[in-house]
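A.B. asks:
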Amino acid sequence: MALKIGVIGTGMIGVDHIRRLTQVLSGAEITAVTDIDRARAEAAAPKGAQVFDTPKELIGSDAVEAVVICSWGPAHEEQLLDCIAAGKPVFCEKPLVTSEAAAKRVIEAEVAFGRRLVQVGFMRRFDADYRRLKAVIDGGSLGAPLMYHSTHRNASVPEGLYTSDMPLNDTLVHDADISRWLLDDEVAAVEVRVPRRSTRGGELRDPTIVLLHMTSGAIVDVEISVNIAYGYDIRGEVSCEMGVAALPNRPATVISDRFGIRQAIPEDWRERFIEAYDQEFREWIVAAGQGTATGPSTWDGYAATLVGDAALRAVASGTRESIEMIEKPALYGPAPALAAE
Ligand code: NAP
1 MALKIGVIGT GMIGVDHIRR LTQVLSGAEI TAVTDIDRAR AEAAAPKGAQ
51 VFDTPKELIG SDAVEAVVIC SWGPAHEEQL LDCIAAGKPV FCEKPLVTSE
101 AAAKRVIEAE VAFGRRLVQV GFMRRFDADY RRLKAVIDGG SLGAPLMYHS
151 THRNASVPEG LYTSDMPLND TLVHDADISR WLLDDEVAAV EVRVPRRSTR
201 GGELRDPTIV LLHMTSGAIV DVEISVNIAY GYDIRGEVSC EMGVAALPNR
251 PATVISDRFG IRQAIPEDWR ERFIEAYDQE FREWIVAAGQ GTATGPSTWD
301 GYAATLVGDA ALRAVASGTR ESIEMIEKPA LYGPAPALAA E
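UniProt numbering numbers the first residue of the sequence shown as 1 and each following residue consecutively.
Laid out in C-alpha cells, this is it:
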C-alpha cells in the first residue's frame, strides 16, 4: 500500500519533491497539498489530491498518513508541532526551525511523544560521494580527521533570500550538518571572517569564511560564496593524520571544442543533488511507512540552528562564539565522545 502524503508549501522545492514522489519513486502517493497561495497549491496538486486551505486541516486529515513540509522556515515550528501532536511522521525541509527556543520546543514535543517522527532535509547525507567519503573516515585507515575544508558556492540566490544574513542563517546549515556527520562530532564554537565583499551582491554579506571549532579539537573551514556566477560548486576535503580524502569532482561529459576542454558545472542544487534527494525520500518513505523517522533528526536540526545563531553572533562580535547544547535526549542516540584533556 502506498504511503499517503500531504505536502505543505508548493514553491520551488515543494514542486520538485512532488515530482519525485509521483514520477520517480514508488511506495508513495500525494493525497493532499496546501500553500498560502491556494492557486499555487491547485496548480501543483497531482490528480486526485485534495487541496486544503490550511496546514492544520491537511495534517489532521484522514487522507494523510505522513507530511512533507516545504514552506518557509519561520512556519516550520507550528507545522512540526501539529504533526507530532497527530503522531504523523514528517519530513521537514531545512532549516528545522529558525530559533534555538523553537528547536527546543520541537525536541520536547518529540521526546514526550516517545518515538522519532521528524526527518530534516539535510540531503547531502544521502549523496553517494559524501557517503563514500564518510566510509573512508569511519574506516580509520587515514587516522583521525584533523581538518575539513568545505566549499559551498551558488551561482546566485533568489531575490527573496537576498538579506545580508542569508549565507549564515540559511546556507551554512548544510555545511554545519555535513561537518558534524562526517566527523561524528559537535560544533563547540564558531568564528566568521568577512573578506572584501563581492560587488555583485548588493547588501549581501558575500563571500564569507566560517571556522567551526569541533568538540574533538578538529577545525572546519567553510567558504560560502552564494553569488559566484559560474555555477553550483560543492567541494569537501578531509585532512587526517595519515592522508587526505576528498569528494570527487562530479563525473560529467567532457566537451572538447575550439574553446578548450571542459566539463559542465551544475546550475543549482536540484541538479547536483538530484540522486541524493531521491535517496533521501526513498529512505524516508520506508521509515514513515513504519510510523517513524531514521534520517537527520530534530537534534541535528537543533545543532545546525545553534551554529547559524553562533555565526551571526560571531560576525557581530568579531570573535569566537561558543555553543552551549542541552543534554542530548536518549531518543537521538549517543552523544559523540569529548576530546581527552
Ligand atoms: P519557496 O519557493 O518560497 O516556496 C515556499 C512555499 O511555501 C511558497 O509557496 C510559500 O508561499 C509557501 N508557504 C510559506 N509559508 C507557508 C505556510 N505557513 N503554510 C503554507 N504554505 C506556506 O521556497 P523554496 O525554495 O521552495 O524553499 C522552501 C523550504 O525548502 C525552505 O525552508 C528552504 O530553506 C528549503 N530548501 C531546501 C533546499 C535543500 O537543499 N534541502 C533547497 C531549497 C529550499 P508564499 O510564497 O506566498 O509565501
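Ideal placement from N, C-alpha and C gives every residue a C-beta, glycine not left out.
#1: Can you list, in chain order, the residues of its chain whose CB lies under 8 angstroms from that of residue 191, leaving out five sequence neighbours each side?
#2: Assuming residue 214 is part of the beta strand (DSSP E), what are its boundary residues?
#3: What is the DSSP secondary structure of residue 275, counted as helix, strand or coil?
#4: For residue 90 versus residue 118, is the C-beta spacing smaller than 7 angstroms?
#5: Once the 5 residues before and after residue 11 are set aside, which same chain residues still bring their CB inside 6 angstroms of it?
#6: Tell me whether residue 338 is buried or exposed, calling it buried when 16 or more other Cβ atoms sit within 10 Å of its Cβ.
#7: Got a sec? Which residues, its chain only, sit under 6 angstroms from residue 341 by beta carbon, not counting five neighbours each side?
#8: Looking only at C-alpha atoms, which of 245, 8, 125 sits nearest to residue 145?
#9: Counting pairs of Cβ atoms below 8 angstroms between the segment 98-117 and the segment 297-306, do you hit three or more?
#10: Regarding residue 231 and the ligand NAP, is the C-beta to nearest heavy atom distance less than 6 angstroms?
#11: What does the alpha-carbon distance come out to for the pair residue 229 and residue 198?
#12: Report whether the distance from the Cβ of residue 388 to the nearest heavy atom of the ligand NAP is below 6 angstroms.
#13: Please go through the same chain and pick out, in chain order, the residues whose beta-carbon is closer than 7 angstroms to the beta-carbon of residue 235, but skip the five residues on each side of it.
#14: Let me check you understand the geometry: is the CB of residue 12 closer than 6 angstroms to at least one non-hydrogen atom of the ligand NAP?
C.D. replies: The relevant details are as follows:
#1: In chain order, 210, 211, 213, 314, 319, 320, 321 place their CB closer than 8 angstroms to the CB of residue 191, counting only its own chain and leaving out the 5 sequence neighbours on each side.
#2: 208-214
#3: helix
#4: Cβ distance < 7 angstroms, so residue 90 and residue 118 count as in contact.
#5: none
#6: Annotation note: pLDDT 49 at residue 338 (below 50); position unreliable, no value reported.
#7: For residue 341, the predicted model reports a pLDDT of 44, less than 50, meaning its position is unreliable and no value from the coordinates is stated.
#8: 245
#9: yes
#10: The answer is no for residue 231.
#11: 11 angstroms
#12: Examination of residue 388 is not possible in this model, given that the chain is present from 1 through 341 alone.
#13: 151, 247
#14: yes
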